[in-house]
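These notes concern the structure reproduced below.
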Amino acid sequence: MSNDQDDDRTVIRPSGFSPSSLPSNPPPSSFAPTQAAGPPSVLPSMGPPSTIASSAGESGNALPVGTFLAEFELLAVLGEGGFGIVYQAWDHSLERRVALKEYMPSSLAARTGDTTVQVKSERHRETFDAGRKSFVNEAKLLAQFDHPALVKVYRFWEANGTAYMVMPLYEGITLKDHLKTLTAPPDEAWLLGVLGPLTEALGVIHHEQCFHRDIAPDNVILLGGNGARPLLLDFGAARRVIGDMTQALTVILKPGYAPVEQYAEAPHMKQGAWTDVYALAASVHFALIGKTPPPSVSRMMGDPYQPLAESALKGRYSERFLRAIDKALIVKPDERTQSIAELRDDLGLVAGQGAPTMMPTQMPARAAASPASPREAARQPAAGKSKAPLIAVAAVAVIGAGAAGYFLTRPATAPAPSQTATNTAPANAQAPAPAPAPAPVPPHFDARQQFESVVTQQSPGFQVSAAPALATLRVDKDKLNFSIRSERAGYVNVLLLGPDGSLLQLFPNAKVPTLRIDAGQTLKLPGKELELIASEPLGTEHFLVTVSEQPRDFSMFSTEREDPYLKLPTGARADAFLAAWSRSTPMLLGTAPKDCQGTACDAYGAVVFTMEIVK
Numbered sequence: 000m001s002n003d004q005d006d007d008r009t010v011i012r013p014s015g016f017s018p019s020s021l022p023s024n025p026p027p028s029s030f031a032p033t034q035a036a037g038p039p040s041v042l043p044s045m046g047p048p049s050t051i052a053s054s055a056g057e058s059g060n061a062l063p064v065g066t067f068l069a070e071f072e073l074l075a076v077l078g079e080g081g082f083g084i085v086y087q088a089w090d091h092s093l094e095r096r097v098a099l100k101e102y103m104p105s106s107l108a109a110r111t112g113d114t115t116v117q118v119k120s121e122r123h124r125e126t127f128d129a130g131r132k133s134f135v136n137e138a139k140l141l142a143q144f145d146h147p148a149l150v151k152v153y154r155f156w157e158a159n160g161t162a163y164m165v166m167p168l169y170e171g172i173t174l175k176d177h178l179k180t181l182t183a184p185p186d187e188a189w190l191l192g193v194l195g196p197l198t199e200a201l202g203v204i205h206h207e208q209c210f211h212r213d214i215a216p217d218n219v220i221l222l223g224g225n226g227a228r229p230l231l232l233d234f235g236a237a238r239r240v241i242g243d244m245t246q247a248l249t250v251i252l253k254p255g256y257a258p259v260e261q262y263a264e265a266p267h268m269k270q271g272a273w274t275d276v277y278a279l280a281a282s283v284h285f286a287l288i289g290k291t292p293p294p295s296v297s298r299m300m301g302d303p304y305q306p307l308a309e310s311a312l313k314g315r316y317s318e319r320f321l322r323a324i325d326k327a328l329i330v331k332p333d334e335r336t337q338s339i340a341e342l343r344d345d346l347g348l349v350a351g352q353g354a355p356t357m358m359p360t361q362m363p364a365r366a367a368a369s370p371a372s373p374r375e376a377a378r379q380p381a382a383g384k385s386k387a388p389l390i391a392v393a394a395v396a397v398i399g400a401g402a403a404g405y406f407l408t409r410p411a412t413a414p415a416p417s418q419t420a421t422n423t424a425p426a427n428a429q430a431p432a433p434a435p436a437p438a439p440v441p442p443h444f445d446a447r448q449q450f451e452s453v454v455t456q457q458s459p460g461f462q463v464s465a466a467p468a469l470a471t472l473r474v475d476k477d478k479l480n481f482s483i484r485s486e487r488a489g490y491v492n493v494l495l496l497g498p499d500g501s502l503l504q505l506f507p508n509a510k511v512p513t514l515r516i517d518a519g520q521t522l523k524l525p526g527k528e529l530e531l532i533a534s535e536p537l538g539t540e541h542f543l544v545t546v547s548e549q550p551r552d553f554s555m556f557s558t559e560r561e562d563p564y565l566k567l568p569t570g571a572r573a574d575a576f577l578a579a580w581s582r583s584t585p586m587l588l589g590t591a592p593k594d595c596q597g598t599a600c601d602a603y604g605a606v607v608f609t610m611e612i613v614k
């Protein structure tokens with residue numbers, strides 16, 4: 000599984016020509032409806048639509064230029080990702096350029112030689128159909144909303160075994176890219192000018208019990224130059240549904256922006272309006288100091304968050320503004336700002352005030368930031384005046400399951416400083432800040448590797464051994480039994496990694512809350528109280544046994560149970576926990592009691608063994 004935060008989204012890729020290379024009103028082309036995909040080719044820089052060829056994309060699933068889908072003629076491939084393909088198309092009915100999104104989960108389906116999409120295997124049918132339903136439901140939902148800060152869906156339909164939606168092409172830059180051009184944080188008035196329309200848009204979707212769940216600076220674009228108005232993108236589409244069903248979803252949560260309830264599967268950790276409140280506030284936090292709050296999962300283990308109202312920003316922003324953001328970033332959902340209306344009230348955005356038709360086209364003149372500003376070092380120099388490439392940001396979203404918009408982006412230029420700012424700034428303030436170092440690749444959680452890590456880092460002297468009574472177990476016939484021996488007394492912990500990738504804490508559990516072993520004792524498990532008979536899935540079961548000086552706690556990872564056993568996270572949730580893990584001991588050792596001090600608290604021995612489950 001990849002850990003690239005964007006690898007489940009449509010690829011952002013220059014097409015090789017500028018927006019000016021396409022006429023605003025292209026004549027009907029000489030192409031007949033195309034039924035077969037052609038080879039990849041290069042897009043020319045100029046020429047009428049009839050001469051523009053298509054990039055077939057990385058998978059070969061993209062339809063060729065000239066293909067007709069209903070009244071829409073495909074002009075170019077704008078982007079292709081794991082869940083869909085985005086085309087620039089000409090609407091022959093209304094005579095306008097549009098973005099057309101095709102549902103195409105490449106891991107589940109493929110093109111059959113024409114426009115038809117078919118699943119690769121019948122075992123993928125249910126997942127493919129569920130994703131398509133989510134895609135259509137999202138389009139239906141977004142088509143009902145009408146707000147200038149929300150993407151508009153013109154049309155959607157199902158055909159050729161798949162589904163399509165048509166949206167506008169938007170011209171602008173992402174909030175993330177705009178912030179990179181600045182040498183100082185945006186001021187409060189500018190930020191409120193962005194927050195006003197965004198909170199109004201979120202209020203619209205929240206009223207229908209729909210939630211974005213993926214707000215971040217790269218999911219907001221500023222339309223018209225430096226940002227005449229903000230537009231909210233990428234509600235996180237059918238990829239969520241497909242990921243949930245296949246348990247093979249790449250990381251869709253953005254550490255720093257995602258609140259803790261998005262990592263949890265417990266009933267008391269529900270998602271709601273407060274989930275979007277946290278992510279929006281985290282985006283403001285990033286705009287103010289150049290970094291996100293600490294990942295929410297790590298904040299649950301010990302909160303290092305520094306309130307903005309008590310930081311160096313005090314005095315440059317109103318106390319009301321900073322306290323509103325701090326309140327919206329409280330890690331516990333029930334203590335956080337509960338609704339968009341409450342957030343707007345905390346910020347002083349009254350009804351009808353926060354959605355200006357136009358925002359300031361450039362930042363107000365400011366003196367250069369002081370050396371103490373944490374924002375300055377994170378800024379990149381302004382982009383040059385290079386010719387604007389055509390870039391499609393394919394942010395497919397379905398609300399609660401995804402939809403989005405597509406837009407043309409231009410390299411942003413930093414706002415010109417006023418003469419006053421130039422005169423009052425120190426001479427060295429004019430030098431652009433160095434580009435930030437590439438972000439480190441997030442760690443990937445592999446349970447078997449984590450088992451080995453626990454074994455290799457064990458303390459000397461424990462000498463723990465374990466062995467199964469039977470190395471091979473027959474389904475519905477043989478019982479699971481194994482024995483443990485330790486040279487030192489301690490607390491026993493047993494984790495089980497199933498053939499299906501599930502991870503359980505066998506011991507201790509709800510029925511056996513504490514399990515100890517004496518020095519030199521051989522302990523036979525699971526005992527008569529927990530008789531376990533082999534069951535599917537077939538394959539290898541991996542067991543990690545630890546004997547430790549202190550009891551180990553795993554409750555910070557999960558509260559979900561497969562009675563009586565604790566179910567530990569895997570996949571994206573485990574990746575997030577591993578990324579936030581700052582202790583010197585392995586993650587799957589868990590933690591010692593909080594009141595325990597010293598190296599002896601983490602002393603332990605460990606061993607791994609396996610069993611085969613067969614028919």
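Those letters in the sequence shown? Residues 0 to 614, by numbering that gives the first Met the number 0. Backbone N, C-alpha and C define an ideal beta-carbon position, used for all residues, glycine too.
Proximity below 8 Å, CB of residue i to CB of residue j
i, j, result
"residue 545", "residue 492", "yes"
"residue 533", "residue 612", "yes"
"residue 508", "residue 565", "yes"
"residue 135", "residue 157", "yes"
"residue 149", "residue 231", "yes"
"residue 339", "residue 443", "no"
"residue 575", "residue 147", "no"
"residue 73", "residue 86", "yes"
"residue 279", "residue 329", "no"
"residue 104", "residue 81", "yes"
"residue 489", "residue 540", "no"
"residue 510", "residue 531", "no"
"residue 548", "residue 465", "no"
Counterpart residues of residue i in DSSP-defined beta bridges
i, result
"residue 157", "162"
"residue 87", "75 and 98"
"residue 566", "503"
"residue 180", "None, per the DSSP bridge assignment."
"residue 300", "Answer is none; residue 300 lacks a bridge partner."
"residue 516", "489"
"residue 609", "541"
"residue 252", "BP columns for residue 252 are empty, so no partner."
"residue 561", "564"
"residue 604", "546"
"residue 117", "109"
"residue 229", "221"
"residue 532", "478"
Residue environment, residue i, which counts as buried when at least 16 other CB atoms sit within 10 Å
i, result
"residue 253", "buried"
"residue 122", "exposed"
"residue 618", "Given that the chain is displayed from residue 0 to residue 614, the structure contains no residue 618 and the question cannot be resolved."
"residue 247", "Reliability of the predicted coordinates at residue 247 is poor, the pLDDT of 40 falling under 50, and no value is obtained from them."
"residue 537", "exposed"
"residue 596", "exposed"
"residue 305", "exposed"
"residue 604", "buried"
"residue 59", "exposed"
"residue 176", "buried"
Range covered by the alpha helix (DSSP H) that runs through residue i
i, result
"residue 136", "124-143"
"residue 556", "Careful: residue 556 lies outside any alpha helix (DSSP H) and carries neither H nor E."
"residue 323", "318-327"
"residue 616", "Look at the range of the chain in this structure, 0 to 614, and you will see that residue 616 is not part of it."
"residue 551", "Where residue 551 is concerned, there is no enclosing alpha helix (DSSP H), given that its DSSP letter is neither H nor E."
"residue 196", "187-206"
"residue 584", "Premise fails: residue 584 is in no alpha helix (DSSP H) and is neither H nor E."
"residue 443", "Premise fails: residue 443 is in no alpha helix (DSSP H) and is neither H nor E."
"residue 341", "339-346"
Element boundaries [beta strand (DSSP E), containing residue i]
i, result
"residue 521", "521-524"
"residue 172", "168-173"
"residue 464", "464-467"
"residue 219", "219-222"
"residue 471", "471-473"
**OP:** Could you tell me whether the segment 583-592 touches the segment 446-465, where touching means 3 or more Cβ pairs closer than 8 Å?
**Re:** yes
**OP:** Could you tell me whether the segment 104-124 touches the segment 166-176, using the rule of 3 or more Cβ pairs below 8 Å?
**Re:** no
Original post:
Are the segment 310-329 and the segment 274-293 in contact at 8 Å, needing three or more beta carbon pairs?
Top reply: yes
Original post:
Counting Cβ pairs closer than 8 Å, one from the segment 300-315 and one from the segment 265-275, do we hit at least three?
Top reply: no
Original post:
Is there contact between the segment 514-526 and the segment 465-482, where contact requires at least three CB pairs shorter than 8 Å?
Top reply: yes
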